[in-house]
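*Asks:* In our numbering, the protein residues as written are 8 to 69. Note that beta-carbon positions come from the ideal geometry of N, C-alpha and C, so glycine has one too. From a predicted model like this one, the values you see are computed outputs, not experimental measurements. Below you'll find the structure I mean.
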């Protein structure tokens, strides 16, 4: 039987809140990995109006 797959993607324009949220989350993950390359990090960011919500969960080794 042939496996069927569906590929989807989305994009947003520069200045969209999702871009800002992605940059914040990426910076948090990068900062943890700079300290410990084996770190396990989850960073989630959401923006609503003038408020930005950030949650993180990290496990560092050593």
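Kindly list the residues whose CB is nearer than 6 Å to the CB of residue 60, restricted to its own chain and excluding five residues on each side of it in sequence; keep chain order.
*Replies:* Stepping through the chain shown from its first residue, residue 60 is reached at position 53. Hits under 6 Å: 53.
*Asks:* Can you look up residue 12 in the DSSP assignment and give me helix, strand or coil?
*Replies:* In the chain shown, residue 12 corresponds to position 5, counting from 1. Three-state DSSP puts residue 12 in coil, outside helix and strand.
*Asks:* Give me the Cα-Cα distance between residue 69 and residue 32, rounded to the nearest whole angstrom.
*Replies:* Numbered from its first residue, the chain shown carries residue 69 at position 62. Numbered from its first residue, the chain shown carries residue 32 at position 25. Rounded to whole angstroms, residue 69 to residue 32 spans 23 Å at the Cα level.
*Asks:* Got a sec, what are the start and stop residues for the alpha helix (DSSP H) residue 43 sits in?
*Replies:* The residue given as residue 43 occupies position 36 in the chain shown. That residue, residue 43, is in no alpha helix (DSSP H); it is neither H nor E in DSSP.
*Asks:* Are the Cβ atoms of residue 48 and residue 34 separated by less than 7 Å?
*Replies:* One-based indexing of the chain shown puts residue 48 at position 41. One-based indexing of the chain shown puts residue 34 at position 27. No. Outside cutoff.
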